[in-house]
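**Student:** Taken in sequence, the protein lines are chains A and Z.
No gaps in the numbering here: position 311 of the first sequence is 941 in my numbering, and each next residue is one more.
No gaps in the numbering here: position 180 of the second sequence is 192 in my numbering, and each next residue is one more.
Using N, Cα and C, we set each Cβ at its ideal position, and we do this for glycine too.
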Amino acid sequence: MGLRVEVRRVLPGFLLDLDFSSEAKIVGILGNSGSGKTMSLRAIAGLEPSVRGRVELNGRTLFDSARRINLPPQRRHLGFLMQDYALFPHLTVAENVAFGLGRVSAEEARARVMEQLVAVQLQGLEDRRPHQLSGGQQQRVALARALITKPEAILLDEPLSALDVHLRSQMEALLIETLSAFPGVALYVTHNLEEVYRLAEEIVILCNGKRVGAGAKEEIFRRPQTVTVARVTGCKNFSRVRRIGERQVEALEWGCALRLQESVPEGFDSVGIRAHHLTFTANAEDPNTFPCALVRSIEGPFRMTLYLKLLLAQASAAHHHLQAEITRESWESLRNRPSPWLVRLDPCRIMPLRNDGDVRDGNGGSNNSTAPSVQA
Amino acid sequence: MDALFIIPLALPPTVVGYLLLLVLGRTDPLARALSNWGISVLFSWPATVIAATVVAFPLMYLAARGAVEQVNPSYQQAARTLGASEWRTFWRVTLPLAWPGVLAGTVLAFARALGEFGATLMIAGNIPGRTQTLPLAIFFAAEAGNMDQALAWVLITVGITAVAVTLFNTWGRRAQLPGRAARRA
């Protein structure tokens, strides 16, 4: 049971080589743009040419290049919610939704279309054309159209990314409701880590066409294991480390000695800490507390991003700043404190990581490190 | 195959006429088989149809092919994931979306067929009441100095063309609405 995927496609300058299997009902694929998310979905749906590998859904083989099985898209029974919706512009909303119905009586078709339209709260719009609808409405039509065929699995390609903030939370609520009522497997692709956390049960992390991490979402976010996974899940601060004692390491990029909660497992040569886990304290005696100077601050509507430099003798690597994120309320009280401020890297918040080669220049702590980009 | 459809567009009409003469002429096995059945194509009205079709078809073909290729493939892919066969995808999605282009091709082909002169003259001749087409009638009337009769044919031709273009325009505009929406979306 569940979904087993093993797809490989070679393109000039890009290699998609994704494998994962999951029994979860909602699987999220998280990756930056250009990581091969859309191509993976298309390969699973049978829309991508020259794919090698295997796709199995609930024990049914949809594709197996070794056994020369390759069901055409129309026989895979997968719903595909495309990023551009691909609503048929020459058909009305009702005709679009009814498109996937096989040979059924006009009466039954009407009833089932209405049922779907009610489910996505679009009743009353059945005679409109797609271009007369807003983006959010178009998306809901596409969802209704995909669900009416009762697919065994539904593939959703960045369903919320084209919507504005207000619509997005509405649509997300609708998606959560729809997907929990959906009997099949949902594969949800996005670059938004909050979205994937809220929607999916299990997460596959895709980077440069490869799976770099997979598992239950809580586990992935709490213990990312590698620098790449930590980065894709939103971690901003990285440093290579050198062991200097039991539960003690020297952070090479940050230029400080750190105490850890547990001893560093074998093969873990880096650490990371999330920006919102950095705290400011008045007590210099706390473990992992260092004086720091503010280099730069960026004001957000609700939160402040602070770039900090540790004021330590061995902090030769002056350009590696720590990035902290605090609420504006904390900022108001912090800004009046006398400098230098004391920043604390809580030992139980420090995540031991393996540097898996994603950190090209050997450090992840630089603030303007960009995610590797590949043309897909 | 592609080239075979398009070549008649590039060749001078008299060359097309000459090649058709060879294909349909008495020595060709196909024509011989037909004449055994008592059917002779050359210098009969079907010859005018063949000449006009061969010469005008490439325009229709090119326009229709271009229009079909212009259809955003994600519509066809969406149709397939919804379980539609290739056949249903073509008739319900591709063709309706390509329709304005197909219509435009029809107008072009119609105009070209109406004006067909060279190939027709070569394989159908100019037999009044049987193989005489409008352009031939105009040419021979004018050549014989019969300007009034030529003018009458000219007016008829202009009338037919005007009606056809108007019809295609109205149909085309109606068919184009979804096409425009597709481009805007």
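Against A:G732, what residues of chain Z qualify as contacts under a CB-to-CB distance less than 9 Å, listed in chain order?
**Tutor:** The contacting residues are G95.
**Student:** Quick check: what's the CA-CA separation for A:L786 versus A:E725?
**Tutor:** About 21 Å.
**Student:** Per the DSSP calculation, A:L708 is bridged to which residue(s)?
**Tutor:** A:A783.
**Student:** Is the shortest distance between the beta-carbon of A:L836 and the beta-carbons of chain Z less than 8 Å?
**Tutor:** A:L836 does not count as touching chain Z.
**Student:** Could you tell me which uninterrupted alpha helix (DSSP H) segments, each at least 4 residues in length, are contained entirely in the segment 48-104 of chain Z, listed from first to last along the chain?
**Tutor:** Counting only runs of 4 or more, we get 57-82, 85-93, 98-101.
**Student:** So, helix, strand or coil for A:N867, using DSSP?
**Tutor:** Strand.
**Student:** Leaving aside the five residues before and after Z:I18 along the sequence, list all residues of the same chain whose C-beta is less than 6 Å from its C-beta, in chain order.
**Tutor:** P70.
**Student:** Starting from Z:G113 and walking both ways along the beta strand (DSSP E), at which residues does that stretch end?
**Tutor:** Note, Z:G113: premise wrong, no beta strand (DSSP E); alpha helix (DSSP H) at 107-126.
**Student:** Check for me: the alpha helix (DSSP H) holding A:I674 runs from which residue to which?
**Tutor:** Run containing A:I674: 667-675, per the alpha helix (DSSP H) assignment.
**Student:** Taking only beta-carbon positions, decide if A:S1003 is within less than 8 Å of chain Z.
**Tutor:** Here A:S1003 scores only 38 on pLDDT, less than 50, and its place in the model should not be relied on; the value that follows carries that caveat. No, because no Cβ of chain Z sits closer than 8 Å to the Cβ of A:S1003.
**Student:** What residue range does the beta strand (DSSP E) around A:A728 cover?
**Tutor:** Note, A:A728: premise wrong, no beta strand (DSSP E); alpha helix (DSSP H) at 723-728.
**Student:** Beta-carbon within less than 7 Å of Z:E205's beta-carbon, same chain only, minus the 5 sequence neighbours each way: which residues are those?
**Tutor:** Limits of chain Z in this structure are 13 at one end and 197 at the other, which puts residue 205 of chain Z out of reach.
**Student:** Can you tell me the Cα-Cα spacing of A:V657 and A:D976, whole angstroms?
**Tutor:** Taking the straight line from one Cα to the other gives about 32 Å.
**Student:** Quick check: what's the CA-CA separation for Z:V114 versus A:F932?
**Tutor:** Cα-Cα distance, rounded: 56 Å.
**Student:** Considering Cα atoms alone, identify which of A:D714, A:L687, A:F693, A:Q769 is closest to A:V727.
**Tutor:** Comparing Cα-Cα distances from A:V727 to each of A:D714, A:L687, A:F693, A:Q769, the minimum goes to A:Q769.
**Student:** Need the endpoints of the alpha helix (DSSP H) that Z:I19 sits in, please.
**Tutor:** Segment 14-22, the alpha helix (DSSP H) holding Z:I19.
**Student:** Going straight from the alpha carbon of A:C922 to that of A:E955, what length do you get?
**Tutor:** Answer to the nearest angstrom: the Cα atoms are 15 Å apart.
**Student:** If you follow the beta strand (DSSP E) that A:P982 is part of, which residue opens it and which one closes it?
**Tutor:** That run of the beta strand (DSSP E) goes 981-983.
**Student:** Can you look up A:Y827 in the DSSP assignment and give me helix, strand or coil?
**Tutor:** Three-state result, A:Y827: helix.
**Student:** Z:M159: buried (16+ other C-beta within 10 angstroms of its C-beta) or exposed?
**Tutor:** By the 10 Å Cβ count, Z:M159 comes out exposed.
**Student:** If you count every other CB in all the chains shown that lies within 10 Å of the CB of A:W884, and 16 or more means buried, which is it?
**Tutor:** Counting Cβ neighbours within 10 Å, A:W884 comes out buried, since at least 16 surround it.
**Student:** Decide if Z:A174 is buried, meaning its Cβ has at least 16 other Cβ atoms within 10 Å, or exposed.
**Tutor:** With fewer than 16 other Cβ atoms within 10 Å, it is exposed.
**Student:** Residues in the same chain with beta-carbon distance under 8 Å from A:A695, minus the five sequence neighbours each way, listed in chain order, please.
**Tutor:** This sequence places Ser at residue 695 of chain A; Ala is not what is there. Counting only Cβ-Cβ distances below 8 Å, and skipping sequence neighbours, we find V681, R682, G683, R684.
**Student:** State the DSSP-derived secondary structure class of A:F953, mapped to helix, strand or coil.
**Tutor:** Residue identity check: residue 953 of chain A is Gln in the sequence provided, not Phe. Reduced to three states, the DSSP call for A:Q953 is strand.
**Student:** Closer than 6 Å by C-beta to Z:T145: which residues in its own chain qualify, once you throw out the five before and the five after it? Chain order, please.
**Tutor:** Hits under 6 Å: T60, T132.
**Student:** Following the continuous alpha helix (DSSP H) through A:Q878, name the residue where it begins and the one where it ends.
**Tutor:** No alpha helix (DSSP H) contains A:Q878, which is instead part of the beta strand (DSSP E) from 878-881.
**Student:** Note down, in chain order, every chain A residue with its Cβ under 8 Å from the Cβ of Z:A91.
**Tutor:** Going along chain A in sequence order, the residues near Z:A91 (Cβ under 8 Å) are F718, F729.
**Student:** Around the C-beta of A:V842, are 16 or more other C-beta atoms found within 10 angstroms, so that it is buried, or is it exposed?
**Tutor:** Buried, since its Cβ has 16 or more Cβ neighbours within 10 Å.
**Student:** With burial defined as no fewer than 16 other Cβ atoms inside 10 Å of the residue's Cβ, what is the status of Z:Q89: buried or exposed?
**Tutor:** So Z:Q89 counts as buried.
**Student:** Between which two residues does the beta strand (DSSP E) containing Z:P147 stretch?
**Tutor:** From DSSP, Z:P147 is part of no beta strand (DSSP E) but of the alpha helix (DSSP H) over 146-155.
**Student:** Answer with yes or no whether the minimum CB distance from Z:P35 to chain A is below 8 Å.
**Tutor:** Just to set this straight, residue 35 of chain Z is Val in the shown sequence, not Pro. Chain A contact via Cβ: absent.
**Student:** At a Cβ threshold of 8 Å, is Z:W99 touching chain A?
**Tutor:** Closer than 8 Å: no.
**Student:** List, in chain order, every chain Z residue whose beta-carbon is nearer than 8 Å to that of A:P702.
**Tutor:** Within chain Z, the residues near A:P702 are R92.
**Student:** Helix, strand or coil for A:K1010? Go by DSSP, reduced to three states.
**Tutor:** Nothing can be reported for residue 1010 of chain A, as the shown portion of chain A is limited to 631 through 1006.
**Student:** If you check the beta carbons only, do Z:R104 and Z:A125 fall under 8 Å apart?
**Tutor:** It is not a contact, given that the beta carbons lie outside the stated cut-off.
**Student:** Going by beta-carbon coordinates alone, are A:K655 and A:V815 separated by less than 8 Å?
**Tutor:** Yes, the Cβ-Cβ distance between A:K655 and A:V815 is below 8 Å.
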